[in-house]
Every structure is written in C-alpha cells, then in structure tokens.
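Asker: Below is a structure I'd like to ask you about.
Residue numbers (the working numbering): 1467 to 1694.
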C-alpha cells in the first residue's frame, strides 16, 4: 500500500513527457482542482498557452517538403517543448506530493527575533507608532492637530505625538534638536525658511532648500511633519 501511495500522481510526469509538453497544463489543472489554489490555475493557463504556441509553430505532416523555414520552426518548437517539459516536471515534483497527500505543505514557523523583547526597541517602536498616528491626524484634521500642537514640542501641550516637529512653524533650533542635527544644520534650516516665500509643502522641499547632509535625510523624514 505504501508503494502504491508513493506512486500516486506519477501520471503527471507521464502526460507531460509523452505529449512532449503539449498537454502539460492537464496535471496542473488536476492539482489546482484538488488543492483549490488560484496560483495553480494561473500556471495551468500559462502551460496551456505554451502548448498552443508549440502546436502552431511545429510544422504538420501535411506541410510541403522540408524547407529552411520549416526546419527553423521545428527547431524552435523542439526548444519550447524541452523547456516546457523540464519546467513542468520540476514544478510538478512538489505539487504532486501535495495533491496526493504525500507530504504536508511546508508552513514556516515564525521565529521570534531576539531584539523584539528588548525594552529599548519596544519603546522606539511605540514612539514610531505614535508618530504615524499623529501624522494621520494631521492629514485628516489639521485644525485639531494644530489645537493639539502636533509638531510643536517647544509649546505647552498634553498630546504625545511621538517626537514630531513642524518644519514650517517650529524654531529651527528645535527642528535640529528633534532630528539630531547640529547648530550648522539649524542655521541652514533657518536660512532656507527665510528664502522660501511660502511654507514648505513637503519635507523634501526643506531637505533640498536647506542643503542638509544626505545622511540626515531619513531621520528628518521620520521626525518632520508638514501641515497641508
């Protein structure tokens, strides 16, 4: 019984090889019907298209005597047939075992990351989540966000925005402090804002006009916020 069970689905390879790849779609359709997996229906369509293409390219026995064009078609058809047979058999080697229950589908068990339990990491991730929440509030309700003073750590407030700073209204020194920049960068930000006649519409505008060090861009993008 064990030998018979292991032989289950061997006809998949027989169909592919005997038909020279023309009917490679058949075992994929059978497996897709058994496993109810949409990706297998996609592969069924791909191999069906490959079989049709090969049938159209290969010259039939009713064609005129061999010509150079016919030889070329035969060569191309043979290459396509080999590619289809090899690719289909490789894929079906695993699909067959799943379709006939010869092995359970592999489901990787997620491994806990060592850093996930670190309190410092947990705190940093919590602040990032707060920043994302605050940004969403700025985009959804700017008036409320201004009342909560999101992005203004220099003003008295009760709402915790996770460390955001408004690049248009907060003092340049505060922006630099929140983003971990030095005094030179703070002066560059101040000059950029004075030269810019209107408030910045995006963080990237500040990065360009202030000519900040590229190494600081990711930090600024993470901490800066702009009111629409």
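No residue lacks a Cβ here, since even glycine has one placed at the ideal position from N, Cα and C.
Small disclaimer: the values here were computed from a predicted structure and weren't measured.
For a test of the three-state rule: what should DSSP assign to residue 1651, helix, strand or coil?
Answerer: For this step, residue 1651 is matched to residue 185 along the chain shown. Three-state result, residue 1651: helix.
Asker: Return helix, strand or coil for residue 1691, following the three-state DSSP convention.
Answerer: Within the chain shown, the letter at position 225 stands for residue 1691. DSSP places residue 1691 in strand when its eight states are reduced to three.
Asker: Hey, would you say residue 1462 sits closer than 8 angstroms to residue 1475, going by beta carbons?
Answerer: No answer is possible for residue 1462: the residues shown for the chain start at 1467 and end at 1694.
Asker: Buried or exposed, going by whether 16 or more other CB atoms sit within 10 Å of the CB of residue 1478?
Answerer: Translated into the one-based positions of the chain shown, residue 1478 becomes position 12. Result: buried.
Asker: Does the beta-carbon of residue 1646 have 16 or more other beta-carbons within 10 angstroms, so that it is buried, or is it exposed?
Answerer: Here residue 1646 corresponds to residue number 180 of the chain shown, with the count starting at 1. Its Cβ having fewer than 16 others within 10 Å, residue 1646 is exposed.
Asker: Does residue 1661 pass the burial test, meaning 16 or more other C-beta atoms within 10 Å, or should it be called exposed?
Answerer: Here residue 1661 corresponds to residue number 195 of the chain shown, with the count starting at 1. Residue 1661 should be labelled exposed.
Asker: For the alpha helix (DSSP H) holding residue 1641, just list the boundary residues, first then last.
Answerer: Stepping through the chain shown from its first residue, residue 1641 is reached at position 175. That run of the alpha helix (DSSP H) goes 1638-1644.
Asker: Which residues in the same chain have their Cβ closer than 7 angstroms to the Cβ of residue 1633, if we skip the five residues on either side of it in sequence?
Answerer: If you number the chain shown from 1, residue 1633 lands on position 167. Around residue 1633: 1641, 1666, 1669, 1672, 1690, 1692.
Asker: Run through the DSSP bridge pairs and tell me what residue 1631 is partnered with.
Answerer: Locating residue 1631 in the chain shown gives position 165, counting from the first residue. 1690.
Asker: May I ask which residues mark the beginning and end of the alpha helix (DSSP H) holding residue 1677?
Answerer: Locating residue 1677 in the chain shown gives position 211, counting from the first residue. No alpha helix (DSSP H) contains residue 1677, which DSSP labels as neither H nor E.
Asker: Tell whether a beta-carbon distance below 8 angstroms holds between residue 1561 and residue 1497.
Answerer: What you label residue 1561 is simply residue 95 of the chain shown in a count that begins at 1. What you label residue 1497 is simply residue 31 of the chain shown in a count that begins at 1. A contact, by the Cβ cut-off of 8 angstroms.
Asker: DSSP state of residue 1468, grouped into three classes?
Answerer: In the chain shown, counting from the first residue as 1, residue 1468 sits at position 2. At residue 1468, the pLDDT of 43 sits below 50, so the modelled position is not reliable and the matter cannot be decided from this model.
Asker: If you check the beta carbons only, do residue 1678 and residue 1651 fall under 8 angstroms apart?
Answerer: The count along the chain shown starts at 1 and reaches residue 1678 at position 212. The count along the chain shown starts at 1 and reaches residue 1651 at position 185. Cβ distance < 8 angstroms, so residue 1678 and residue 1651 count as in contact.
Asker: Please work out which residues of its chain come closer than 7 angstroms, Cβ to Cβ, to residue 1637, disregarding the five sequence neighbours upstream and downstream, and give them in chain order.
Answerer: What you label residue 1637 is simply residue 171 of the chain shown in a count that begins at 1. Contacts found: 1620.
Asker: If I measure Cβ to Cβ from residue 1617 and keep anything under 7 angstroms in the same chain, skipping five residues before and after, which residues do I get?
Answerer: The residue you call residue 1617 lines up with position 151 of the chain shown. Cβ neighbours of residue 1617 beyond the five flanking positions: 1627, 1630, 1631, 1632, 1636, 1691.
Asker: Identify whether residue 1662 lies in helix, strand or coil by the three-state DSSP scheme.
Answerer: Position 196 of the chain shown, counted from the start, is the residue given in the question as residue 1662. In this structure, residue 1662 counts as coil in the three-state DSSP scheme.
Asker: I believe residue 1545 touches residue 1516 by the beta-carbon criterion, under 8 angstroms. Please report the beta-carbon distance rounded to the nearest angstrom.
Answerer: Residue numbering aside, residue 1545 sits at position 79 when the chain shown is read from its first letter. Residue numbering aside, residue 1516 sits at position 50 when the chain shown is read from its first letter. About 12 angstroms; that fails the 8 angstroms criterion.
Asker: Taking 8 angstroms as the limit between beta carbons, can you name the residues of its chain near residue 1601, skipping five residues before and five after?
Answerer: Working through the chain shown from its first residue, we reach residue 1601 at position 135. Counting only Cβ-Cβ distances below 8 angstroms, and skipping sequence neighbours, we find 1630, 1691.
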